[in-house]
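K.L.:
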Amino acid sequence: MLGLMQDWPLTVDKIADHAARWHGEQRITSRLADGSITRQGFAETFARARRVSAALRSLGVGPGDRVATMAWNHAKHLETWYGTMGMGAVCHTLNPRLFTEQLSWIVNHAEDRAIVADAQFAPLLAKILPDCPTVRDVIFLDPAELPPIGDGLRVHRYDELVAAADPTGVIWGGFDERTAAGLCYTSGTTGNPKGVLYSHRSNFLHALMSLQADVFALSASDVALMVVPMFHANSWGLAFAAPAVGAKLVMPGAQLDGASLFELIEAEGVTFSAAVPTVWQGLLTYLRESGSRPTRLRKVAIGGSACPEALIRGFWDEYGVEVIHAWGMTELSPIGSASVIPLELQGQPYENTVPFRLTQGRPPIGVEMQLSDDENRDVPHDGRAVGRLKVRGFAVAASYMGGDGQAAWDEDGWFDTGDIASLAPDGTMRITDRAKDVIKSGGEWISSIEIENIAVGHPDVAVAAVIGMPHPKWDERPVLLIQPRPGCTVDAHGIRGHLEGRIAKWWMPDAVVAVESIPLGATGKIDKKALRADAERGRFGTLG
Ligand code: ADP
1 MLGLMQDWPL
11 TVDKIADHAA
21 RWHGEQRITS
31 RLADGSITRQ
41 GFAETFARAR
51 RVSAALRSLG
61 VGPGDRVATM
71 AWNHAKHLET
81 WYGTMGMGAV
91 CHTLNPRLFT
101 EQLSWIVNHA
111 EDRAIVADAQ
121 FAPLLAKILP
131 DCPTVRDVIF
141 LDPAELPPIG
151 DGLRVHRYDE
161 LVAAADPTGV
171 IWGGFDERTA
181 AGLCYTSGTT
191 GNPKGVLYSH
201 RSNFLHALMS
211 LQADVFALSA
221 SDVALMVVPM
231 FHANSWGLAF
241 AAPAVGAKLV
251 MPGAQLDGAS
261 LFELIEAEGV
271 TFSAAVPTVW
281 QGLLTYLRES
291 GSRPTRLRKV
301 AIGGSACPEA
311 LIRGFWDEYG
321 VEVIHAWGMT
331 ELSPIGSASV
341 IPLELQGQPY
351 ENTVPFRLTQ
361 GRPPIGVEMQ
371 LSDDENRDVP
381 HDGRAVGRLK
391 VRGFAVAASY
401 MGGDGQAAWD
411 EDGWFDTGDI
421 ASLAPDGTMR
431 ITDRAKDVIK
441 SGGEWISSIE
451 IENIAVGHPD
461 VAVAAVIGMP
471 HPKWDERPVL
481 LIQPRPGCTV
491 DAHGIRGHLE
501 GRIAKWWMPD
511 AVVAVESIPL
521 GATGKIDKKA
531 LRADAERGRF
541 GTLG
């Protein structure tokens with residue numbers, strides 16, 4: 001006998017069991033659709049998750065079946081996640097902000113068997129479900145009246161179903177850690193959406209990785225406000241990481257405006273939170289306008305798109321809140337890097353640390369990175385040269401569901417992220433653009449992200465987007481589109497003055513155009529595809 005260690009499968013039901021047994025009284029606070037607040041412990045939550053598993057069984061859902069959710073962040077959504085995954089079924093998060101055709105396409109591609117939803121999405125489901133023959137059961141999470149959503153579907157109330165479920169003999173773990181647990185589709189800015197199928201093992205290891213000091217550093221003494229929606233790349237893993245250490249969870253429902261978030265932050269003593277830049281901009285604006293100060297909040301993770309310097313400084317200079325700039329994507333579960341200050345910068349004046357904070361940080365254990373050019377040749381990791389960022393790791397997709405989009409992986413298993421970045425010898429990574437947003441002027445790359453970040457530092461600018469426009473001599477030149485802050489007007493001359501000296505001369509946008517609003521996509525990021533379509537229609541003039 002060899003005498004190896006125990007084979008303890010890394011399945012997420014173990015996270016639930018750990019939280020229920022050792023942190024059973026630790027609370028989950030949720031804001032519901034009607035604005036009311038509920039509180040429940042981990043023990044109660046995960047006991048209900050087992051009942052969800054039993055309830056799904058009673059509807060004929062079995063291991064391997066896909067169960068979709070369309071819901072905001074609240075405790076019942078979390079119960080549904082664990083109930084589904086705990087029995088070996090696959091929890092498929094749907095983003096309600098997608099177009100109806102995209103949603104029905106995704107539900108059909110995933111062959112979802114049931115949908116668990118907030119009642120407010122009933123009208124949306126009524127539109128898509130007639131085209132989705134695989135869905136047989138719809139379960140509404142709110143106790144309200146059951147809204148009509150179409151013929152041939154069995155409609156249930158979650159509370160009744162869970163109360164009636166018999167949890168004895170329920171399936172709860174006991175399967176291989178390589179079993180599929182979750183499913184999330186990328187937004188499909190090019191081609192059809194693609195499914196990323198997370199395994200129990202990848203979710204479990206990703207949770208451990210995200211908890212380390214050089215990433216989120218969460219513990220049982222933290223109160224984590226989960227702003228990033230559960231349908232946006234697994235809520236960046238917080239639905240697994242927080243219970244794994246027994247951190248108190250605060251789930252804000254649909255109200256993600258600055259005032260509502262601040263109310264929860266103060267009432268619940270939030271110490272940590274994570275969200276995209278637009279959400280944090282909303283909170284910062286609210287704090288400034290209302291003169292409020294967060295008491296216990298010590299750090300916020302910002303990612304999903306590049307974090308502007310003005311946001312990093314605003315949180316620190318005015319409120320003493322540290323920003324962890326993180327990079328990731330759906331295909332990575334999602335964390336790929338985080339900008340936690342390294343030893344050599346600790347104790348230095350804040351000013352000296354800002355250039356590092358503006359990078360996307362360093363890869364934690366479990367994420368391998370490298371850069372390649374378009375011919376798949378190595379690009380040096382010297383902190384200057386840029387190339388296509390490629391990754392491998394225990395929480396990186398090995399393919400898309402059903403083998404779609406296989407060209408994103410090379411023969412050595414490296415996944416091409418579609419991001420253009422530089423990589424320093426110590427792993428400090430800086431994204432300059434998405435490959436599809438790159439602007440090539442006279443054969444040289446201009447970083448739209450860098451120009452945007454500097455532009456939003458101007459006091460009159462609310463949102464900035466740089467796109468490339470065709471140019472007869474230089475092939476492409478950058479155009480800066482600006483959505484002014486309410487009550488402000490944008491003076492192109494003033495904006496150019498603000499950029500001067502901060503960017504290379506030849507990066508200076510050929511035009512600065514004020515627009516009423518810059519469109520955002522389904523995960524709150526600037527929709528450059530829509531802006532480029534506007535540009536093609538001549539909305540921003542021509543260059544030359
Ligand atoms: P999508 O936005 O297509 O729905 P994701 O949410 O998975 O899909 O987005 C991943 C992409 O978001 C990354 O490939 C990268 O382009 C961008 N991104 C994420 N975090 C950052 C960051 N901190 N800085 C710059 N870009 C980021």
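Note that the UniProt record's numbering gives residue 34 to position 34 of the sequence shown, counting from 1, and the numbers run on in steps of one.
For each residue, glycine too, the CB sits at the ideal point set by N, CA and C.
Buried or exposed: Q360, going by 16 or more other Cβ atoms within 10 Å of its Cβ?
P.N.:
buried
K.L.:
Taking only heavy atoms of ligand 1 into account, decide whether any of them is closer than 8 Å to the Cβ of W327.
P.N.:
yes
K.L.:
Please classify P243: is it buried, with 16 or more other beta-carbons within 10 angstroms of its beta-carbon, or exposed?
P.N.:
buried
K.L.:
Beta-carbon within less than 8 Å of L205's beta-carbon, same chain only, minus the 5 sequence neighbours each way: which residues are those?
P.N.:
Only L10, G366, F394, A395 meet the Cβ criterion.
K.L.:
Between S260 and the rest of its own chain, which residues show a CB-CB distance below 8 Å, the 5 nearest in sequence each way excluded?
P.N.:
R31, P252
K.L.:
So T285 and G258 are supposed to be a Cβ contact under 8 Å. How far apart are they, rounded?
P.N.:
6 Å
K.L.:
Taking the continuous beta strand (DSSP E) assigned at M469, which residues delimit it?
P.N.:
461-471
K.L.:
Using only the heavy atoms of ligand 1, determine whether one of them is closer than 8 Å to the beta carbon of T428.
P.N.:
no
K.L.:
Out of curiosity, what's the CA-to-CA distance linking V227 and N73?
P.N.:
8 Å
K.L.:
Compute every distance between the C-beta of S187 and the non-hydrogen atoms of ligand 1, then say whether any falls below 8 Å.
P.N.:
yes
K.L.:
Let me check one thing: in DSSP terms, what residues is G62 bridge-paired to?
P.N.:
Bridge partners of G62: none, in fact.
K.L.:
Rounded to whole angstroms, what is the Cα-Cα separation between H200 and T38?
P.N.:
29 Å
K.L.:
Contact check, V386 vs S422 under 8 Å by CB: the rounded distance?
P.N.:
5 Å
K.L.:
Using a Cβ-Cβ cut-off of 7 Å (strictly less than) and excluding sequence neighbours within five positions of A408, which residues of its own chain qualify?
P.N.:
So the qualifying residues of the chain are F415, D416.
K.L.:
Tell whether a beta-carbon distance below 9 Å holds between V323 and I302.
P.N.:
With contacts defined by Cβ atoms closer than 9 Å, V323 and I302 form a contacting pair.
K.L.:
Specify the secondary structure class of Q40 as computed by DSSP and reduced to three states.
P.N.:
strand
K.L.:
Answer with buried or exposed for L112, where buried requires no fewer than 16 other C-beta atoms within 10 angstroms of its C-beta.
P.N.:
It is Asp, not Leu, that sits at residue 112 in the sequence shown. The residue is buried, with at least 16 neighbouring Cβ atoms inside 10 Å.
K.L.:
Give the single residue among A181, A224, T93, H232 whose Cα lies nearest to the Cα of R27.
P.N.:
A224
K.L.:
Look up Q483 in the DSSP assignment and say whether it is helix, strand or coil.
P.N.:
strand
K.L.:
Closest by CA to F231, which one among V438, T69, S305?
P.N.:
It is T69 whose Cα lies nearest to the Cα of F231.
K.L.:
Applying the 10 Å Cβ sphere with the 16-neighbour rule, what's the burial state of L493?
P.N.:
It should be noted that the sequence gives His, not Leu, for residue 493. So H493 counts as exposed.
K.L.:
DSSP puts I28 in a beta bridge; with which residues?
P.N.:
Looking at the DSSP assignment, I28 forms a beta bridge with Q40, L249.
K.L.:
What are the uninterrupted segments assigned as beta strand (DSSP E) that are 3 or more residues long and contained completely in the segment 119-154, given in chain order?
P.N.:
137-140
K.L.:
Throw me the rounded Cβ distance for the P424 and G383 pair, which I believe falls under 8 Å.
P.N.:
The residue you asked about is not Pro; residue 424 is Ala in the sequence shown. 4 Å between Cβ atoms; contact.
K.L.:
Relative to ligand 1, is the shortest distance from any of its heavy atoms to the C-beta of P334 smaller than 8 Å?
P.N.:
yes
K.L.:
Is H232 a contact residue of ligand 1, with contact defined as CB to any heavy atom under 8 Å?
P.N.:
Yes, since a heavy atom of ligand 1 falls inside the 8 Å radius drawn around the Cβ of H232.
K.L.:
Within 10 angstroms of the Cβ of K440, are there 16 or more other Cβ atoms? Answer buried if so, exposed if not.
P.N.:
exposed
K.L.:
CA-CA distance, K525 and A233?
P.N.:
14 Å
K.L.:
Apart from the five residues on each side of it in sequence, which residues of its chain come closer than 7 Å, Cβ to Cβ, to R357?
P.N.:
I312, V323, H325, S339
K.L.:
Let me check you understand the geometry: is the CB of G237 closer than 8 Å to at least one non-hydrogen atom of ligand 1?
P.N.:
No, since every heavy atom of ligand 1 falls outside the 8 Å radius drawn around the Cβ of G237.
K.L.:
State the CB to CB distance for the pair A514 and P486, rounded to an integer number of angstroms; the pair is presumed to be in contact (CB under 8 Å).
P.N.:
Not really, about 13 Å apart at Cβ, beyond 8 Å.
K.L.:
Which residues mark the beginning and the end of the alpha helix (DSSP H) in which W280 is found?
P.N.:
Following the DSSP letters along the chain, one finds W280 inside the alpha helix (DSSP H) bounded by residues 277-290.
K.L.:
Thinking just about the alpha-carbon of each residue, which of G328, R362, P459, T330 is nearest to the one in L343?
P.N.:
R362
K.L.:
Hey, would you say W506 sits closer than 9 Å to E450, going by beta carbons?
P.N.:
It is not a contact, given that the beta carbons lie outside the stated cut-off.
K.L.:
What do you get for E79, buried or exposed, if any count of 16 or more other CB atoms within 10 angstroms of its CB means buried?
P.N.:
Sixteen is the threshold: when 16 or more other Cβ atoms of the shown chains lie within 10 Å of the Cβ of E79, as they do, the residue is buried.
K.L.:
Give me, in chain order, the residues of the same chain whose beta-carbon lies closer than 6 Å to that of V196; leave out the 5 immediate sequence neighbours on both sides.
P.N.:
C184, T330, E331, A397
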